[in-house]
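Trainee: From first to last, the protein sequence lines are chains A and B. Sequential numbering from 35 applies to the first sequence in the working numbering. Sequential numbering from 231 applies to the second sequence in the working numbering.
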Amino acid sequence: MSQERVSLSKARQQWIGWQRILRVQRPGDLFFRGITLLFVLIVLGLVAGTAWILISNSLPTIRRFGFSFLTNKAFDPVHDVYGVLPAIFGTLMTSAFALIFAVPLGLGAAIFLVDFCPRSLRLVLAFLIDLLAAIPSVIYGLWGFLVLAPWLHNAGEPWLQQHLGFLPLFAGQPEGVGYLGAGIVLTMMILPLIISVSREVMLVTPIAQREALLALGATRWEVIRHAVLPFARVGILGGVILALGRALGETMAVTMIIGNQANEPSLSLFTPGYTLASVIANQFGEATPGLFLSAIIEAGLILFIITLITNILARWLIASLQRQAQGSRGGRP
Amino acid sequence: MESNMSGPYSRLPATEGRLASQRSETPPVDLRLNHALGAAEPGQPLDQNAGVAIEVRHLNFYYGTRQVLFDISLPIRQRQITALIGPSGCGKSTFLRTLNRMNDLIPETRIEGEAIFDGENIYDPAIDVIRLRQRIGMVFQRPNPFPKSIFENIAYGLRIQRKPHRQIQEEVERSLRAAALWDEVKDRLKASALGLSGGQQQRLCIARALALHPEVLLLDEPCSALDPIATLKIEELLLSISKEYTIVIVTHNMSQAARISQYTGFFLNGRLIEYGPTAELFKRPRQRETEDYISGRFS
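1) Taking DSSP's pairing of strands, which residues face residue 536 of chain B in a bridge?
2) Let me know if residue 450 of chain B comes out buried or exposed under the rule of 16 or more other beta-carbons within 10 Å of its beta-carbon.
3) Give a yes or no on contact between the stretch 484-499 of chain B and the stretch 317-327 of chain B, applying the rule of three or more CB pairs nearer than 8 Å.
4) By the three-class DSSP mapping on this structure, what secondary structure does residue 308 of chain A have?
5) Mind listing which residues of the stretch 237-249 of chain A have their C-beta closer than 9 Å to chain C's C-betas, in chain order?
6) Measure the C-alpha to C-alpha separation of residue 195 of chain A and residue 205 of chain A and round it to an integer number of angstroms.
7) With 8 Å as the threshold, decide whether the Cβ of residue 353 of chain B is near any Cβ in chain A.
8) Please name the residue or residues paired with residue 296 of chain B in a DSSP beta bridge.
9) Helix, strand or coil: how does DSSP classify residue 356 of chain A here?
10) Which residues, in chain order, does the stretch 129-157 of chain A contribute to contact with chain B at a C-beta distance below 9 Å?
11) When you compare the CB positions of residue 232 of chain A and residue 266 of chain A, do they come within less than 8 Å of one another, or not?
12) Considering residue 235 of chain A, what are the terminal residues of the beta strand (DSSP E) in which it resides?
13) Contact between the stretch 473-487 of chain B and the stretch 396-405 of chain B: three or more CB pairs below 8 Å?
14) Which of the three DSSP states, helix, strand or coil, is assigned to residue 305 of chain B?
15) At a cut of 8 Å, does the stretch 167-180 of chain A reach the stretch 284-291 of chain A through at least three beta carbon pairs?
16) Using the beta-carbon of each residue, which ones in chain A are nearer than 7 Å to residue 452 of chain B?
17) Scan the stretch 327-396 of chain B and note each continuous alpha helix (DSSP H) run of 4 residues or more that stays entirely inside, going in chain order.
18) Using the Cα positions of residue 124 of chain A and residue 421 of chain B, report the straight-line distance between them to the nearest angstrom.
19) With DSSP run on the structure shown, which of helix, strand or coil describes residue 523 of chain B?
20) With distance defined between alpha-carbon atoms, name the residue in B/289, B/305, B/290 and B/311 nearest to residue 471 of chain B.
21) Since residue 566 of chain B and residue 284 of chain B are thought to touch, with beta carbons under 8 Å apart, how far apart are those beta carbons, to the nearest angstrom?
22) If the cut is a Cβ gap below 7 Å, which residues of chain B does residue 266 of chain A touch?
23) By DSSP, does residue 108 of chain A sit in helix, in strand, or in coil?
24) Give the interface partners of residue 390 of chain B over in chain A, defined as CB-CB distance under 9 Å, in chain order.
25) Count the other C-beta atoms from every protein chain shown that fall within 10 angstroms of the C-beta of residue 215 of chain A, then say buried if there are 16 or more, exposed otherwise.
26) Does residue 294 of chain A pass the burial test, meaning 16 or more other C-beta atoms within 10 Å, or should it be called exposed?
27) Taking all protein chains shown into account, do 16 or more other C-beta atoms lie within 10 angstroms of the C-beta of residue 337 of chain B, making it buried, or fewer, making it exposed?
28) Please report whether the beta-carbon of residue 291 of chain B lies at a distance below 8 Å from any beta-carbon of chain A.
29) Out of curiosity, what's the CA-to-CA distance linking residue 70 of chain A and residue 62 of chain A?
30) Please report the distance separating the alpha-carbon of residue 426 of chain B from that of residue 467 of chain B.
31) Can you have a look at residue 44 of chain A and say buried or exposed, based on whether 16 or more other CB atoms are within 10 angstroms of its CB?
32) Give the single residue among B/275, B/429, B/291 and B/280 whose Cα lies nearest to the Cα of residue 327 of chain B.
33) Here's the rule: buried if 16 or more other CB atoms are within 10 angstroms of the residue's CB, otherwise exposed. What is residue 260 of chain A?
34) Got a sec, what are the start and stop residues for the beta strand (DSSP E) residue 501 of chain B sits in?
35) Report the rounded CA-to-CA distance for residue 146 of chain A versus residue 436 of chain B, giving the unit in angstroms.
36) Check whether chain A comes within 8 Å of residue 360 of chain B, counting only Cβ atoms and requiring the distance to be less than that.
Put into structure tokens, the structure is as follows:
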């Protein structure tokens with residue numbers, strides 16, 4: 035060994051030194067590394083470019099309105115005064131509504147598919163649910179506008195008002211279009227995503243953990259609660275984040291049913307409103323260069339920032355959950 | 231196949247002189263090992279008056295349309311260790327798992343026959359499976375502690391029965407002592423069970439099962455993932471608790487069966503070929519297949 039090493043030529047030694055620096059063994063590896071690095075840089079460049087274009091093009095309204103763009107409720111091209119408070123509120127309200135209903139429903143459906151569903155039915159159901167996720171959003175929007183909104187207007191909202199009208203959520207005039215309709219459509223759109231992701235992560239719960247619990251006389255529910263859910267927790271959360279991202283940014287279906295009115299933020303679900311995405315979709319056709327266009331682009335920038343913040347929070351939450359899981363798995367004291 | 235015999239294993243003294251085509255997963259019974267462990271004769275002394283804990287009669291078991299157990303009948307005797315031996319895939323683990331209905335988990339399985347435990351048929355659809363599993367505990371091939379503290383691992387079964395806190399504390403200590411683990415872990419009950427060694431984890435799993443005061447303890451190859459020292463500890467532990475518990479152990483290791491059990495059943499291709507006191511089965515097997523298997527002329 036040592037003799038071989040001594041007999042290496044100087045050039046070869048240098049080459050080995052270079053390899054060590056580049057941490058690669060072969061020229062092929064170096065090439066492959068370079069290519070993959072390039073792909074990553076392209077993605078980073080796209081994100082940075084998007085941010086740059088959004089910021090630079092919304093500078094006119096940022097300069098003109100500053101912070102009041104966020105707190106002003108009027109989006110008024112006639113008087114050239116712009117604010118997106120109703121849209122920010124509508125975005126958060128409809129997304130929260132969708133998550134509140136889709137998460138428990140989705141988890142319940144996933145638990146059924148994994149633990150209780152007869153095997154013959156399981157594949158069919160899973161396939162149908164994945165199919166739901168593939169329906170174009172304009173179809174959901176059409177259904178919302180043509181079927182859901184009239185029904186809400188004539189039956190659903192009056193009923194809610196009659197029985198639960200004491201809650202501020204169900205106060206006000208039934209309109210059909212509004213936060214409630216948008217929230218329901220969004221719930222339906224993100225439900226299949228939550229079911230699929232939760233189901234996938236629950237399926238890989240180690241069978242040994244399930245058996246350990248069953249052998250101690252645990253019921254099926256206890257197995258789900260103490261083995262399946264803790265194991266799948268991080269993955270489920272990941273699915274929820276994906277779903278939230280979709281709900282925040284969903285444009286077509288929401289625009290078709292939310293009513294598109296810049297109303298004062300209100301807890302009433304019956305209020306027709308706006309979301310950031312629907313403001314953009316509604317207004318860009320008529321947009322004229324200048325403040326109007328800049329306002330639309332700033333709405334996009336704010337949506338971009340909201341998405342960024344929720345994703346960062348989610349990453350942080352997932353990381354802390356994982357740390358917790360590793361902590362309980364930890365080494366010897 | 232032959233080429234598998236080359237390499238380091240072909241030089242092991244244990245395989246020297248035997249046929250190259252003979253490739254059993256387990257080494258044949260080596261009674262010299264028994265001497266080394268202080269047991270000159272195969273089998274533990276019998277209690278002639280031992281009653282029957284579980285009486286299995288004419289058990290057939292199917293995965294879908296494939297039958298894997300054929301007409302199994304045998305008694306599991308009270309407070310004795312019954313060992314089930316046989317080559318891989320012979321149905322001994324499947325049989326063990328029928329005794330506390332663990333196969334219920336597997337879809338499209340079907341069972342015929344009966345197993346009478348405390349006057350009731352285990353396979354009766356009306357039986358309370360949860361209660362049954364509390365009375366017939368199980369330990370698995372690979373140690374499967376929960377990703378929780380040592381204390382919580384033992385306490386879990388009692389907690390889901392809503393036992394009072396004081397009783398749980400007492401039971402944790404009692405079970406850990408019974409499983410010969412107390413002295414090793416008493417100072418770190420709050421530490422994660424996953425930090426224990428494989429052998430300790432398996433004893434923890436035994437302690438976890440004992441905490442529920444089961445009448446029967448089923449063990450499915452509990453030592454197959456462990457080294458010889460850890461294996462020996464488990465065997466000692468099983469011998470020490472066999473005065474109080476009825477034990478059924480599936481093992482690949484014939485010398486283990488010979489060392490610790492009073493009764494042995496030999497399975498082959500889903501049939502119970504022979505069942506009897508361990509001493510007799512190992513010294514004077516009645517069936518040709520049994521003799522072939524325990525003397526290693528068989529794989």
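The C-beta atom is built at its ideal place from N, Cα and C for all residues, glycine as well. As the structure is a prediction and not an experimental result, all values here were calculated from the model.
Mentor: Judging by the given coordinates:
1) The structure shown does not extend to residue 536 of chain B, since chain B is modelled only from 231 through 529, so no value can be given for it.
2) buried
3) yes
4) coil
5) Among the protein chains of the structure shown, namely A and B, there is no chain C.
6) 7 Å
7) no
8) B/293
9) helix
10) 152 and 153
11) yes
12) No beta strand (DSSP E) contains residue 235 of chain A, which is instead part of the alpha helix (DSSP H) from 213-237.
13) no
14) strand
15) yes
16) The contacting residues do not exist; residue 452 of chain B stays about 13 Å from chain A at best.
17) 359-365 and 380-389
18) 48 Å
19) helix
20) B/311
21) No answer is possible for residue 566 of chain B: it lies beyond the span of chain B, which begins at 231 and ends at 529.
22) Per Cβ cutoff of 7 Å: no residues; residue 266 of chain A is ~13 Å from chain B at best.
23) coil
24) 247, 250, 251, 252, 253, 256 and 260
25) buried
26) buried
27) exposed
28) no
29) 12 Å
30) 17 Å
31) exposed
32) B/291
33) buried
34) 501-507
35) 32 Å
36) yes
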